[in-house]
Every structure is written in C-alpha cells, then in structure tokens.
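Input: a single structure, listed below in structure tokens.
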Amino acid sequence: MIEPAAIAFRGLEKIKITPGDTLAIIGPGPIGLLTTAMAKVCGVRKVVLIGFQPNRLALGLKLGADHIIDISKEDYLERAMDCTNGEGFTAIEEASGNAQAIAQHRSDYTRVCIARL
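Numbering (UniProt numbering), first residue to last: 1 to 117.
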C-alpha cells in the first residue's frame with residue numbers, strides 16, 4: 001500500500017491542493033480512494049468522488065468523500081454543480097484512466113491525470 005499511497009499523495013502535491021479547495025476525483029479505484037482520504041486530511045473543503053461502481057463509491061463516503069456521483073445513474077455535470085452550489089471545482093484529479101473523462105476537463109481547471117503507462 002505504500003506505492004499507491006505515494007501516488008495519491010503526489011497527485012495532491014501536483015494539484016497544489018490547499019485547505020478550502022473543492023476537489024473532484026474521477027475514478028474510485030485504489031488511487032482515487034486513497035486520494036479521497038488524503039484530501040480530507042489536507043483540509044480540502046469538499047471532495048466529490050465520481051465513478052460507477054456502487055461498492056467503491058460507498059467506500060469513498062466512509063473514507064471522507066462529501067458527495068458521490070454514480071455516472072451510470074445520474075448526469076455528472078449537473079450533479080457536480082449541485083454538489084458545489086454552482087461554483088464548480090477548484091481542482092480535478094483523474095484517476096480512472098478513461099480517455100473520454102480526460103478529454104472533458106476544462107482547460108482552466110487545475111488537473112492531474114494519474115495514469116499507468
């Protein structure tokens with residue numbers, strides 16, 4: 001678990017996350033879940049975990065996610081705006097490796113893509 005934890009922490013360092021930020025984490029796999037827990041410890045005001053596996057999303061809530069978005073059941077853009085009171089996210093961490101998800105990020109967001117090459 002040391003390597004996945006180090007990857008999750010490095011992602012937060014690259015984003016330059018600060019207390020009070022709002023963070024979207026796309027992908028509730030091991031890295032996304034570890035990032036969820038670490039983000040809350042770092043003082044992130046709101047963490048929204050986005051994915052489609054109900055058991056992993058539920059675990060994300062236990063690890064500190066303020067909201068979860070199940071993309072198989074709801075429109076994630078609309079729900080994301082609801083979760084942030086219309087403000088959007090300060091930062092996005094892409095931990096799913098899905099090319100379509102990566103392409104949809106706006107260029108003015110701070111973003112980090114955790115990918116296995």
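We treat Cβ as the ideally placed atom computed from N, Cα and C, and that holds for glycine.
Identified DSSP bridge partners for residue i
i: residue 62; result: In DSSP, residue 62 forms no bridge with anything.
i: residue 57; result: Residue 57 is not bridged to any residue.
i: residue 73; result: Per DSSP, none; premise fails for residue 73.
i: residue 46; result: 22
i: residue 68; result: 49
Close Cβ partners of residue i (< 8 angstroms) along its chain, the five nearest in sequence each way excluded
i: residue 4; result: 30, 31 and 34
i: residue 76; result: 50 and 69
i: residue 53; result: 28
Buried versus exposed call for residue i [16 or more other C-beta atoms within 10 Å across all chains shown]
i: residue 19; result: exposed
i: residue 28; result: buried
i: residue 61; result: exposed
i: residue 44; result: buried
i: residue 8; result: buried
i: residue 116; result: With a pLDDT of 49 at residue 116, under the threshold of 50, the predicted position of this residue should be treated as unreliable, and no value is reported.
i: residue 6; result: exposed
i: residue 21; result: buried
i: residue 86; result: exposed
i: residue 2; result: exposed
i: residue 80; result: buried
Close Cβ partners of residue i (< 6 angstroms) along its chain, the five nearest in sequence each way excluded
i: residue 56; result: 28
i: residue 84; result: 22
7 angstroms CB neighbourhood of residue i in its chain, flanking five on each side removed
i: residue 47; result: 23, 25, 36, 39, 40, 64, 65 and 66
i: residue 17; result: 23, 39, 42, 44 and 91
i: residue 13; result: none
Proximity test, residue i beta-carbon vs the ligand COA heavy atom, cut-off 7 angstroms
i: residue 81; result: This structure does not include the ligand COA; it has no bound ligands of any sort.
> For the segment 86 to 93 against the segment 56 to 72, are there 3 or more C-beta pairs whose distance is under 8 angstroms?
Replying inline: Two segments are said to touch when three or more pairs of C-beta atoms, one from each, lie closer than 8 angstroms; by this definition the segment 86 to 93 does not touch the segment 56 to 72.
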